[in-house]
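In this text, residue positions in the sequence shown follow UniProt numbering: the first is 1, and each later residue adds one.
Written out below as structure tokens is the structure these notes cover.
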Amino acid sequence: LLTVVLAQKYNVLATNGNLNNHIGVPLTLLRLRPAEHNFAVIEMGANHQGEIADYCQWAEPTHGLITNIGKAHLEGFGGEAGIAKGKGELFDYVAAHGGTLFVNSLDAKIPAVAVAAAKANVAGPAPLLATYPGPSDTYHTAFL
């Protein structure tokens, strides 16, 4: 959906299908042409901790969005807390680099992960926390 919205005005590179793993993320990044693409929407899937942290080193995201923290891949993550920690690696990277965290406030686990990432980044530039939808104690903004 994000790709469709951005593509109304910009040239966007996006992950094809579900190529969101240790093979698909690099394949997507190899298609990136900075002179051609205004935005890149890179889907990062994981089944264990440390995987998304690696993808972030490759992709260097400036914005991060976690759609949900569900119960998929419990065995690889070591439980629900491990899933939150693993997916939170995206927010950790973006916050440490002063980027923008888009926080889905409909999933009760995501705001806590975002706040933890922002608080852990005391030495770097302050990340922007943009929540959607509804009230929150963080900054509110629109996508476009």
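We put the CB at the ideal spot given by N, CA and C, even for glycine.
Given the structure is predicted, the values throughout are model-derived calculations rather than measurements.
Candidates the options: closest to residue i by CA position
i           : options                    : result
Ala96       : Asn11, Asn38, Gly17, His63 : His63
residue 145 : Gly50, Gly82, Pro26, Gly79 : Nothing can be reported for residue 145: it is not among the residues displayed for the chain, which extend from 1 to 144.
Cys56       : Asp92, Tyr10, His48        : Asp92
Ile42       : Ile23, Ala118, Gln49       : Ile23
Ile52       : Lys87, Leu65, Phe77        : Lys87
Those residues which DSSP pairs with residue i across a bridge
i     : result
Leu65 : Phe102
Val41 : Ala14
Residue i in three-state terms, based on DSSP
i     : result
Leu32 : coil
Glu51 : helix
Glu60 : coil
Whole-angstrom distance between residue j and residue i, CA atom to CA atom
i      : j      : result
Glu36  : Leu90  : 25 Å
Phe102 : Glu60  : 16 Å
Thr141 : Thr100 : Bear in mind that the predicted position of Thr141 carries a pLDDT of just 39, short of 50, making it unreliable; the figure below should be weighed with that in mind. Looking at the two C-alpha atoms, the distance is approximately 11 Å.
Asn104 : Ala118 : 15 Å
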